Structures are given as C-alpha cells and as structure tokens.
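Residue numbers (this note's numbering): 558 to 704.
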C-alpha cells in the first residue's frame, strides 16, 4: 500500500508544509537506502543497532511485529551485515549486533542521506535553533507515554 499523496483531511498551511517535508524526507531516505542495496526497513533496523539488542526490544522500538523483524534480520544476516548472539542472561533468546560490514554500510548510508542537512542549510543558525525548539514542542504534545 502506498503512502497518501497528501494529508488525509483538509489541511492548514502548517499541516501541508509538515506533510511536504515528511514526504520529501521519506523519499530521500528510500533513495539513499536503495543506493546502498537496502530496503527502508533494513536501513531502519541497521540504524537502531547502535548497541546489542534483543529481537523483541527491537520490534517494540520500531512498533512492528516480531515476525517482521525476524525476516529483516534474516535478510541482513544473509548479507553478513548483522549477527545474532546468545543473550548473556538468557540462552534461549538472541541479541542482534551489526557486523563490521554492517557498520560500514550504515555509515555510508548515513553519509549519503543528506536531506535533513541540505534542507536545514537553507536556514540561519538562529532559524535552525527555532525550528528544533518548535518541532520538539510540537512533538511533546503527541508523544505516547514511555516514548
């Protein structure tokens, strides 16, 4: 199913601008992922692997089903980008870590994903600070508990 091409309801100028920004961000993220042979989901997972993490915890962080994470991890593991290790405290479960190849590929992905850097380059330092403050303020009212 494709993402909507615009807000789902009549929108204000700020809603339209937010949608346009998020849409452009998503398209740039997908383009950068594809340039590195990754799906968007694989790039997201590699980005979350900044530490050793369990499959359930990873699924919870990404708000998706554990079976989806299992499939993504299997594909990344087949490319030697991640590795499953026994959990030190629970031999029945596994934790996921990036391999050196996975870390190198994700670093290259991050370097090529320039959307946010190039978009904010159009703003002065003061405007960037204001935008960051306003975005945090807007998000503060929409966050679920524990997020």
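Even glycine gets a Cβ: it sits at the ideal position worked out from N, Cα and C.
Just so we're clear, the structure is a prediction, and the values are computed from it rather than from any experiment.
Where the beta strand (DSSP E) through residue i begins and ends
i, result
"residue 647", "647-655"
Local conformation of residue i per DSSP, three classes
i, result
"residue 604", "helix"
"residue 698", "coil"
"residue 558", "Residue placement at residue 558 is poorly supported in this model, since its pLDDT is 40, which falls under 50; the coordinates still yield a value, given next. Coil at residue 558, not helix or strand."
"residue 587", "helix"
"residue 594", "coil"
"residue 704", "Because the pLDDT at residue 704 is just 44, under 50, the model does not fix this residue reliably, and the value given afterwards should be weighed accordingly. Note: residue 704 maps to coil in three-state DSSP."
"residue 689", "helix"
"residue 576", "helix"
C-beta atoms of residue i and residue j nearer than 9 Å
i, j, result
"residue 619", "residue 638", "no"
"residue 671", "residue 604", "no"
"residue 652", "residue 610", "yes"
"residue 576", "residue 568", "yes"
"residue 613", "residue 650", "yes"
"residue 636", "residue 658", "yes"
"residue 688", "residue 677", "yes"
Opening and closing residue of the alpha helix (DSSP H) in which residue i lies
i, result
"residue 642", "It is not in any alpha helix (DSSP H) - residue 642 instead sits in the beta strand (DSSP E) that spans 639-644."
"residue 624", "623-635"
"residue 619", "No alpha helix (DSSP H) holds residue 619; DSSP gives it neither H nor E."
"residue 678", "Neither: residue 678 is in no alpha helix (DSSP H) and is coded neither H nor E."
CB-CB length for residue i against residue j, believed under 8 Å
i, j, result
"residue 589", "residue 669", "5 Å"
"residue 597", "residue 615", "About 16 Å separates the two Cβ atoms, so there is no contact after all."
"residue 654", "residue 606", "6 Å"
"residue 665", "residue 593", "6 Å"
Heavy atom of the ligand GDP within 8 Å of residue i beta-carbon
i, result
"residue 632", "The ligand GDP is absent from the structure shown, which contains no ligands of any kind."
Would you call the region 683-697 and the region 637-656 touching, i.e. three or more CB-CB distances under 8 Å? no
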